[in-house]
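Heads up, the thing below is written out as structure tokens.
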Amino acid sequence: MIKSKGKIRDSVKKEWICRLYSEKKIAVTFIIVYIVVMLPILYLSFFNRATGDDYGYGAVTKWTWRESHSLIQVFKAAAKEVADVYRSWQGTWTSVFLFSLQPEVFHDKAYVITAFLMSGLLIGSIAYLVYEIFCCRLKFSGWSFWLIFICLCLNCILFVPSAKSAIYWYNGTVHYTLPFALCLILTVLLLRYVEEFKKGQYIGIFLIMVLMGGSNYQAALFALIVTFYTGAWAFFCHKEKKAFWLLPAIAVEMTGLIISMKAPGNKVRGGEEFGFSLWKGMIAIGDSFVGGITDIGDYLLQKPLIFVIFLLMFLFMTEAWSATGRKVEGKRSCIFPVALFCLYCAMQTPQAYADVEVSGGVYNMNYWVFLLFFTGVLAVLSGEAARLLMIRNHRNVREWIRTKFILPGIAVCMLLCFLLRSQIKESLWYTCVDYIRSGQAQDYREQMDLQTDLLTDDSVRDVVVPFINDIQGPLMHMPVTDDPQEWSNTVTARFYGKDSVVAMDRVEWEKKYGTK
């Protein structure tokens, strides 16, 4: 009788826990948390302004738009800018064309769309890939999709190495965030194409490969490797000869990439020694694996909360696997993480080969592809974990996994978040909240409003502006200096149609010119 009462109590306890916990409730909670996290990040876009390279690449197209209000003429001007930059600075023709179409070309206050547009592309492409892999192929539930998707998005956005190049700075986002998003879309199209071989899918693949040929070298490499992976998988595993139709897409990207790499401007930017060397390329490949492993160690030491979120993802994946009753495909499952690891390390190769200082966008690409690699590893490990748990418990396996595995795991994650709470200050969410709450964002907007008013005053040809302070939070700003020949000064003057632009001390400026 005592034993029976104990079993009843355990049964009631499990039933109460299972009512308290459900995928739907956890997913809804995560969606609310994600919205709260994104609000200050997107709100800060209303304080965002064009700067530096935005002015340099957008001057010709801006004045073309002002004079013609014709998109055709603007596109022609953008093509001319590509040709000029190709000879004088760099060969990434897709990126330069888009640089020339920065939002302030069309309206002085249009730059606000940058953060919304680029974060939307990033989030949307992640959702597209996660849905394809986990829902369409692994048959996870819709609520499992939301949990995995939000965990991946939180890691992608909160701890990205350079928020400027990831979300806020148009030039940086067009050169890195947009190509990364296109690479994720390309991956989905490739996965579908090697099974269905539809014309629409092939057209999408071909167009993206054309664009990747003139984009940043990491994205170009990503596209080539993923296309090779999927083509090889279709041919060797499924004996599908239609996979050879991917060769023209690879060829067209390689052609665009060669055109980009052969640009005379590359030697201006990279030095006379810039060029292709087979031996140097082999060394760079070896260095890329070292760099990839080193970066993983750095992420673990410097951003441990990433791995706490990954632990949550692992728990949710395990339950999703148990719900489907599916099993990881034996030996083939081991190939998948290895292939992703090689893809991740390949992102280090262009930087290792060039051996020069790189922008924050390069580190963003490295980081984002690391997240994809680790998510793939967790997908395999969680599938194996679910299989072992199901072998051990034949009856009420999902209930047992929730009470003995998922809920204790979530409790551990909450404890780790508490212990690592100081790391939250390193997140983009905290940076944005602090920048807004401190009043620094409002101060920056007021300073930029004044500078814009001065630069758009048609009655003044030689403009003197007060110095902008050095606190821009996660926003990008290349300040006008006290030297009218400085690069930021000349491109600002060119963009606004001034003879010269120069900055002076704010206090002195107010004494001499008065406040607004």
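Residue numbers for the sequence shown follow my numbering, so the first one is -11 and each next one is one higher.
Note that CB positions come from ideal geometry on N, CA and C, so glycine has one too.
Computed from a prediction, not measured in an experiment: that's the story for all the values here.
Query: Quick one: using the 10 Å Cβ neighbour count with 16 as the cut-off for buried, is Val24 buried or exposed?; Result: exposed
Query: Looking at Ser88: is its Cβ nearer than 8 Å to the Cβ of Ala66?; Result: yes
Query: Three-state secondary structure (DSSP) at Ala374?; Result: helix
Query: Between the segment 202 to 217 and the segment 159 to 168, can you find at least three pairs of beta-carbon atoms closer than 8 Å?; Result: yes
Query: Quick check on Val490: does DSSP put it in helix, strand or coil?; Result: strand
Query: Check Asp96 in the structure and name its three-state DSSP category.; Result: coil
Query: Residue ranges of each alpha helix (DSSP H) run of no fewer than 4 residues wholly in the segment 438 to 488, ordered along the chain?; Result: 475 to 484
Query: How about Ile196 and Leu174: are their beta carbons less than 8 Å apart?; Result: yes
Query: How would you write the range of the alpha helix (DSSP H) that Glu414 sits in, first residue to last?; Result: Premise fails: Glu414 is in no alpha helix (DSSP H) and is neither H nor E.
Query: Please classify Trp131: does DSSP put it in a helix, a strand, or coil?; Result: helix
Query: Leaving out five residues before and five after Ala272 in sequence, what residues of the same chain have Cβ atoms less than 7 Å from its Cβ?; Result: Thr337, Ala340 and Tyr341
Query: Are Ala220 and Tyr156 closer than 8 Å when you measure CB to CB?; Result: no
Query: If you drop the 5 nearest sequence neighbours on each side, which residues of the same chain put their C-beta closer than 8 Å to that of Ser150?; Result: Gly160, Ser347, Gly348, Gly349, Tyr351 and Asn352
Query: Given Met305, which residues of its chain have a CB within under 7 Å of its CB, disregarding the five upstream and five downstream residues?; Result: Ile136, Leu366, Ala367 and Ser370
Query: To the nearest whole angstrom, what separates the beta carbons of Gln506 and Tyr45, a pair I think is in contact under 8 Å?; Result: Outside the shown range of the chain (-11 to 504) lies residue 506, about which nothing can therefore be said.
Query: Taking the straight line between their C-alpha atoms, what separation do you get for Leu377 and Thr312?; Result: 14 Å
Query: Taking the alpha-carbon positions, what's the Ala71 to Arg409 distance?; Result: 50 Å
Query: Can you tell me which of Leu463, Asp446 and Phe133 puts its alpha carbon nearest to the alpha carbon of Arg433?; Result: Leu463
Query: Does DSSP put Ser33 in a helix, in a strand, or in coil?; Result: helix
Query: Run through DSSP, which three-state label would Arg386 get?; Result: helix
Query: If you draw a straight line from the C-alpha of Ser153 to the C-alpha of Tyr99, how long is it?; Result: 14 Å
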